[in-house]
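Q: Got a structure here, written out as C-alpha cells. Questions coming.
Residue numbers (our numbering): 236 to 580.
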C-alpha cells in the first residue's frame with residue numbers, strides 16, 4: 236500500500252511538472268511526450284519513439300508538436316530507420332521549421348545514405364532560413380563537395396565561412412568545424428598543401444571533430460598513404476562507431492595493403508559501413524563488393540554490385556529529375572534486398 240506521504244509527493248511533483256510545462260508551452264501537459272522525454276534521456280529510443288508517435292497522432296497541431304516531431308525523428312535515426320526519420324523531418328523542413336537542427340539532421344541522414352544532391356537542396360533551403368548559422372554553412376560545404384559541385388556557390392560559401400571564422404572567438408568550437416570545411420575545400424578545389432596543413436593543425440588541436448579525422452584519412456587514401464590512412468581511420472572508428480565513412484575508409488586501406496586476414500577484417504568493416512547506411516550508399520557498396528572479391532566470394536560480390544548499380548541509377552534519376560523518376564524510384568524501392576551473410580565480428 237502506498238503511504239500518504241508518497242501520494243502527496245507524487246501530487247506535488249505533478250503540480251510542479253504542470254507548472255513547468257505551462258510556462259514553456261502554455262498548455263496542459265501531453266503525458267506521452269513527457270514519458271518519451273524521460274526515455275530519450277535514458278537512451279531508450281525505441282520506447283521514446285513509440286510515445287512521441289502516440290502523442291503526435293493525437294495532437295498533430297499542438298504548439299509543442301514541432302519539437303516532439305524532431306525528437307521522434309532523432310529516435311528513428313538512432314534506431315536505424317533512416318527513411319522514416321527523413322520523412323518525419325521533411326514534414327518540418329517543408330513547412331520552414333524554426334528548428335535549425337531539423338535541416339541538419341535530415342541532411343546528415345541523406346548524406347549517410349548517399350544522397351548528397353538532395354542534402355545540398357535541404358541545406359540551401361536552411362541557409363536561406365538561417366543565413367547566420369555557421370554550422371549549416373559548414374555542412375553545406377561538405378555536401379557540395381560530396382555531390383561533386385564546382386559552382387560559384389562554393390567560392391561564395393568559402394568566403395562566408397572565412398567571415399564567420401573572423402567573427403568567432405578563438406575558443407568557439409565552430410572554428411574547428413569551419414577550418415575543417417575550408418581545408419576540405421582546399422583539398423578538392425584549391426591548393427591541397429594548404430588544406431593538408433590546415434587539417435593537420437585542426438587534428439593536432441586535440442579537440443577536433445570526427446569529420447576532420449575522416450577527411451584527412453580519406454585524403455591520405457587518395458594520395459596513396461595507406462598506412463597513415465589506416466591509423467587515422469581506426470581512430471575515427473573508435474571515436475565515432477556510428478560513422479559509416481570511417482569504416483569504409485578503414486576497409487579500403489586494408490584492401491590496399493592488408494594481409495589475407497586483414498582482407499577478412501576489411502569485409503567486416505565494409506559490411507558495417509553498409510549496415511549503418513541502410514545498404515543505400517553506392518560508394519560503401521562498391522567497397523563491400525571489392526572486399527567480397529578479395530576474399531573469393533564472387534556470388535556475394537555480384538549481388539552487391541547489382542545493388543550498387545540500382546542505387547546509382549536511382550540517384551542519377553534524382554539529380555536529372557527526369558519524367559519517370561517517381562515510377563522508377565517506386566519500383567527500385569519495392570525491390571526486396573537481402574544482403575549476403577555477414578562475417579562474424
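Cβ coordinates follow ideal geometry from the N, Cα and C atoms, glycine included.
Report back the beta-carbon spacing between residue 288 and residue 307 to the nearest angstrom; my notes put them in contact at under 8 Å.
A: One-based indexing of the chain shown puts residue 288 at position 53. One-based indexing of the chain shown puts residue 307 at position 72. About 6 Å separates the two Cβ atoms, so the contact holds.
Q: If we ignore side chains and look at the alpha-carbon of each, how far apart do residue 449 and residue 484 end up?
A: Within the chain shown, numbered from 1, the residue matching residue 449 stands at position 214. Within the chain shown, numbered from 1, the residue matching residue 484 stands at position 249. Looking at the two C-alpha atoms, the distance is approximately 8 Å.
Q: How about residue 374 and residue 422: do their beta carbons lie closer than 8 Å?
A: The count along the chain shown starts at 1 and reaches residue 374 at position 139. The count along the chain shown starts at 1 and reaches residue 422 at position 187. It is not a contact, given that the beta carbons lie outside the stated cut-off.
Q: Need the endpoints of the alpha helix (DSSP H) that residue 363 sits in, please.
A: To locate residue 363, count along the chain shown from 1; it is residue 128. Taken as a continuous stretch (DSSP letters only), the alpha helix (DSSP H) holding residue 363 covers 351-364.
Q: Only counting the same chain, and skipping five residues up and downstream in sequence, which positions put a Cβ closer than 7 Å to that of residue 303?
A: Within the chain shown, residue 303 is the residue found at index 68, counting from 1. Same-chain partners within the cutoff: 268, 287, 290 and 291.
Q: Could you tell me the alpha carbon to alpha carbon distance between residue 321 and residue 345, rounded to whole angstroms?
A: Locating residue 321 in the chain shown gives position 86, where the first residue counts as 1. Locating residue 345 in the chain shown gives position 110, where the first residue counts as 1. Their backbone Cα atoms lie some 8 Å apart in a straight line.
Q: Once the 5 residues before and after residue 317 are set aside, which same chain residues still bring their CB inside 6 Å of it?
A: Position 82 of the chain shown holds residue 317. For residue 317, where only same-chain residues beyond five positions count, the Cβ hits under 6 Å are 344, 348 and 513.
Q: Going by the CB atoms, is the gap between residue 444 and residue 395 shorter than 8 Å?
A: The residue given as residue 395 occupies position 160 in the chain shown. The residue given as residue 444 occupies position 209 in the chain shown. Against a cut-off of 8 Å, the Cβ pair of residue 444 and residue 395 comes out as no contact.
Q: For residue 422, which of helix, strand or coil comes out of DSSP?
A: Sequence index remark: in the chain shown, residue 422 carries index 187 (1-based). Note: residue 422 maps to helix in three-state DSSP.
Q: Which same chain residues end up closer than 7 Å to residue 470 when comparing Cβ atoms and leaving out the 5 residues on each side of it in sequence?
A: Residue numbering aside, residue 470 sits at position 235 when the chain shown is read from its first letter. Counting only Cβ-Cβ distances below 7 Å, and skipping sequence neighbours, we find 448.
Q: Could you give the DSSP three-state label for residue 381: helix, strand or coil?
A: In the chain shown, residue 381 corresponds to position 146, counting from 1. Three-state result, residue 381: helix.
Q: Residue 358 to residue 544, Cα distance in whole Å?
A: As a first step, residue 358 is located in the chain shown; it is residue number 123 there, counting from the start. As a first step, residue 544 is located in the chain shown; it is residue number 309 there, counting from the start. Cα to Cα, residue 358 sits roughly 27 Å from residue 544.
Q: I need the straight-line Cα distance from residue 491 to residue 522, nearest angstrom please.
A: For the purposes of this step, residue 491 is identified with residue 256 of the chain shown, where counting begins at 1. For the purposes of this step, residue 522 is identified with residue 287 of the chain shown, where counting begins at 1. Distance between the alpha carbons of residue 491 and residue 522 is about 11 Å.
Q: From residue 437 to residue 409, what distance separates their C-alpha atoms?
A: Along the chain shown, one-based indexing puts residue 437 at 202. Along the chain shown, one-based indexing puts residue 409 at 174. Going from the Cα of residue 437 to the Cα of residue 409 covers about 12 Å.
Q: When DSSP labels each residue in this structure, what does residue 277 get in the three-state scheme?
A: Residue numbering aside, residue 277 sits at position 42 when the chain shown is read from its first letter. In the structure shown, residue 277 sits in coil (DSSP, three-state: anything other than H, G, I, E or B).
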